[in-house]
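Chains D and S, in that order, are what the protein sequence lines are. For the first sequence, the numbering used here assigns the number 27 to the initial residue and increments by one for each residue that follows. For the second sequence, the numbering used here assigns the number -18 to the initial residue and increments by one for each residue that follows. Beta carbons are placed, not taken as given, at the ideal position from N, Cα and C, and that holds for glycine.
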Amino acid sequence: MADLKVKLGKLQLKNPVMTASGTFGYGTEYSDFFDISRIGCIVVKGITLRKREGNAYPRMAETPSGMLNAVGLQNRGIDHFIKHIYPEIKNVNTNIFVNVNGSTVEEYIEVAEKVNDLDRIPGIELNISCPNVKEGGMAFGVSCPAAATVVREVRKVYSKELMVKLSPNVTFITEIARAVEDEGADSISLINTLLGMAIDAESRKPILSTVTGGLSGPAIKPVALRMVWQVAQEVKIPVVGMGGIMNARDAIEFFLAGASAVQIGTANFIDPTVSMKVLEGIEDYLNRHKFNSIYDIIGAMTIEG
Amino acid sequence: MKKFILDLIVKENEHINEDYFVLKLTSNDKLPHILPGQFVEIKVENSPTTFLRRPISVNFYDKELNELWLLIQIVGDGTRKLSEVQVGDTLNLILPLGNTFSIPEDKNARLLLIGGGVGFAPMLFLGAYLNDLGYRCDFLLGGRSEANMVQLNEFKRYGEVYITTEDGSMGEKGYVTQHSLLQKKQFDMIYTCGPTPMMQAVASYAHKRNIACEVSLENMMACGFGTCLCCVTDTVDGNLCVCTEGPVFNITKLKWQI
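Written as structure tokens, this is what we have:
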């Protein structure tokens, strides 16, 4: 049996399969379907300092091999999470990360401080890449100075695993990656959704209430794979790959490109048990190729020869 | 209610006309209990343009026969592929999803079920369910023309059926809210499912007369079980997911201009 344990900074995951924020609720929504404690790490829905209603309906458009969403970080705020959701999920026997969002640096800091006090939350995913909010969000993730500032300030107040989620909507992904590594990020996750849009030809109107939204699903996998590969070569900290993973083979491609762990996102909507199938498929692959550890395939793509 | 992911067997694929078909599904195991108003998320195979599952309202559920019906309108490639399944094929479903209609305590309550288009689907199941519980109900069914008037013989088993068509090809000409039944008879509760403008007209009619009214919404959704947050509707309690807090809403909860 191959060893599936991976390390993100000081934190060890029992396996490298994570679920992506915004696609897995708070985890418990999936308990009817399988034992969610088998997942290496659950990243819960993005949380902000105050309650957000999100954007108006319609927020979703199906596209070839993917979907656009413009949810806009609907959530009930960090205090509601601490009081009502944390007690429900804190005994789930795996790692749970909170996806932290803000409109300002101060809001990121305040949410991170509150999460730092939660014993059973070993890490946060700092979301500087949400494309669907008017203020903050992706604005922090598309400029090196802005990304550096928010990571530096959150690092001061947050002592556990700090993962930073990058936006693909940039010219040079490696520069942003290096900026967040330099400011003390423990790991980097990428990619968040690609900015896109959809038009209803009959009504001559945009489908989404916000006109533009974030594209996810297999349509973005080649872009994600390229960015993970570029970033993994550029930084020393672990990289967590995501973008259109639908099965174990997709996940293995991300490991070969240099990812230390993967996140499953949109696929959860179509097959709620997909993360377990990915996990089992990775194990099969390692055993079939007689690898002893997941580390044997991380960054193992060879170009020459 | 616990949700399941199941491979169900196609027992019958009945093509009503070129737009509508009914899939009758069963299983070798006992089907989970399903309530009227609830829906399933069905996986579509072999349709490159269909990425997500399709949410389909349950049209009928028979515990004894261990059978579940889905009335489906062909609108795109996904529903077309579903229309081509053969008896004996299996389909992967997530079920049961969503809430149900509320049932009045008074067994003599005068109940009206209004359906439009493919919104007929949950009205048949609700009518059958109410009938089983000993209630009487009337059905008011509307559509563009006679071709939209599907499953009439099924509806007739459970109550009186009144019809409007926009072109007058069957029943009274006009919209459901213009039907003479509404002048002749008083109702205590109205349930409706259909196109949004129709449901809003029904809601407005009910609101003005102080009649309790529940509507079943059909917002676009990605997951169907409360995690994508795409299918929200604006309510007095803020944005709520149609898939988990609905699809059935009392009109007093919605922020419709009625």
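Where the beta strand (DSSP E) containing residue i begins and where it ends
| i | result |
| --- | --- |
| E242(D) | A small fix is needed here, since residue 242(D) is Ser in this sequence, not Glu. Unbroken beta strand (DSSP E) run through S242(D): 238 to 242. |
| M179(S) | Counting along the chain, M179(S) falls outside any beta strand (DSSP E), though it belongs to the alpha helix (DSSP H) covering 177 to 189. |
| S170(D) | The question names Ser, but residue 170(D) in the sequence shown is Cys. Premise fails: C170(D) lies in the alpha helix (DSSP H), 170 to 183, not in any beta strand (DSSP E). |
| W50(S) | 48 to 54 |
| M202(S) | No beta strand (DSSP E) holds M202(S); DSSP gives it neither H nor E. |
| E306(D) | Note, E306(D): premise wrong, no beta strand (DSSP E); alpha helix (DSSP H) at 300 to 314. |
| S213(D) | 213 to 216 |
| D43(S) | 35 to 43 |
| M164(D) | Not the beta strand (DSSP E): M164(D) falls in the alpha helix (DSSP H), residues 164 to 167. |
| Y240(S) | Examination of residue 240(S) is not possible in this model, given that chain S is present from -18 through 239 alone. |
| I75(S) | 71 to 78 |
| N(-6)(S) | -15 to -4 |
Given residue i as reference, the closest of the options once Cα atoms are compared
| i | options | result |
| --- | --- | --- |
| M93(D) | V118(D), L241(D), V288(D), V137(D) | L241(D) |
| N41(D) | I115(D), N101(D), R314(D), L305(D) | L305(D) |
| L49(S) | G57(S), F32(S), I37(S) | I37(S) |
| Q181(S) | V142(S), F230(S), K88(S) | F230(S) |
| A283(D) | V257(D), S301(D), I296(D), F295(D) | V257(D) |
| L4(S) | K11(S), G100(S), T71(S), L162(S) | T71(S) |
| V124(D) | R178(D), V190(D), V261(D) | V190(D) |
| I104(D) | D143(D), S91(D), P90(D), E88(D) | D143(D) |
| F206(S) | H188(S), E226(S), S197(S) | E226(S) |
| I308(D) | F59(D), I65(D), D58(D) | I65(D) |
| A46(D) | D322(D), F295(D), G291(D), H315(D) | G291(D) |
| K(-16)(S) | L37(D), E55(D), F50(D), N294(D) | E55(D) |
| A203(D) | N313(D), V168(D), T299(D) | V168(D) |
| N81(D) | E260(D), E201(D), E151(D), G98(D) | G98(D) |
| E26(S) | I15(S), D43(S), R61(S) | R61(S) |
| L(-13)(S) | E79(D), F59(D), Q259(D), L30(D) | F59(D) |
With 16 other Cβ atoms within 10 Å as the buried cut-off, status of residue i
| i | result |
| --- | --- |
| R85(D) | buried |
| Q289(D) | buried |
| Q164(S) | exposed |
| P194(D) | buried |
| R146(D) | exposed |
| N117(D) | exposed |
| Q238(S) | exposed |
| V237(D) | exposed |
| M164(D) | buried |
| T328(D) | exposed |
Test item: CB-CB of residue i and residue j under 7 Å
| i | j | result |
| --- | --- | --- |
| T7(S) | K24(S) | no |
| A96(D) | L251(D) | no |
| E187(D) | L34(D) | yes |
| M253(D) | L216(D) | yes |
| F82(S) | P17(S) | yes |
| V21(S) | L63(S) | no |
| V70(D) | I135(D) | no |
| P103(S) | C174(S) | yes |
| I154(D) | V176(D) | yes |
| G97(S) | P176(S) | yes |
| I246(D) | F281(D) | no |
| A174(D) | F166(D) | no |
| V99(S) | G123(S) | no |
| V43(D) | S301(D) | yes |
| P228(S) | G79(S) | yes |
| N101(D) | C67(D) | no |
| N(-6)(S) | V66(S) | yes |
| G108(S) | Y143(S) | no |
| R230(D) | E209(D) | no |
| V223(S) | T233(S) | no |
| G51(D) | T31(S) | no |
| L162(S) | L74(S) | no |
| C156(D) | A205(D) | no |
| E201(D) | V261(D) | no |
| G53(D) | I115(D) | yes |
Residue i: first and last residue of the uninterrupted alpha helix (DSSP H) it sits in
| i | result |
| --- | --- |
| K247(D) | 247 to 260 |
| D276(D) | 274 to 283 |
| G245(S) | Residue 245(S) is absent from the model: chain S starts at -18 and stops at 239. |
| Y112(D) | 112 to 115 |
| L221(S) | That residue, L221(S), is in no alpha helix (DSSP H); its beta strand (DSSP E) goes 219 to 222. |
| V69(D) | No alpha helix (DSSP H) contains V69(D), which is instead part of the beta strand (DSSP E) from 67 to 69. |
| N142(D) | 131 to 142 |
Any chain C beta carbon closer than 7 Å to residue i
| i | result |
| --- | --- |
| K(-8)(S) | Judged by its chain identifiers, the structure shown contains no chain C, and its protein chains are D and S. |
Touching by the beta-carbon criterion (3+ pairs, under 8 Å), the segment 120 to 134 of chain S and the segment 209 to 223 of chain S | no
Worksheet item: If you pair each beta-carbon of the segment 108 to 116 of chain D with each one of the segment 160 to 170 of chain D, do three or more pairs fall below 8 Å?
Response: no
Notebook entry, point to check: Can you find at least 3 beta carbon pairs, one from the segment 154 to 172 of chain S and one from the segment 185 to 195 of chain S, that sit closer than 8 Å?
Noted result: yes
#### Entry: the segment 72 to 83 of chain D contacting the segment 124 to 140 of chain D, beta-carbon criterion three pairs below 8 Å
yes
Please confirm if the segment 51 to 65 of chain S is in contact with the segment 113 to 122 of chain S, defined as three or more CB-CB distances below 8 Å between the two stretches.
no
Exercise. Could you say if the segment 205 to 225 of chain D and the segment 260 to 274 of chain D meet the contact criterion of at least three C-beta pairs nearer than 8 Å?
Key: yes
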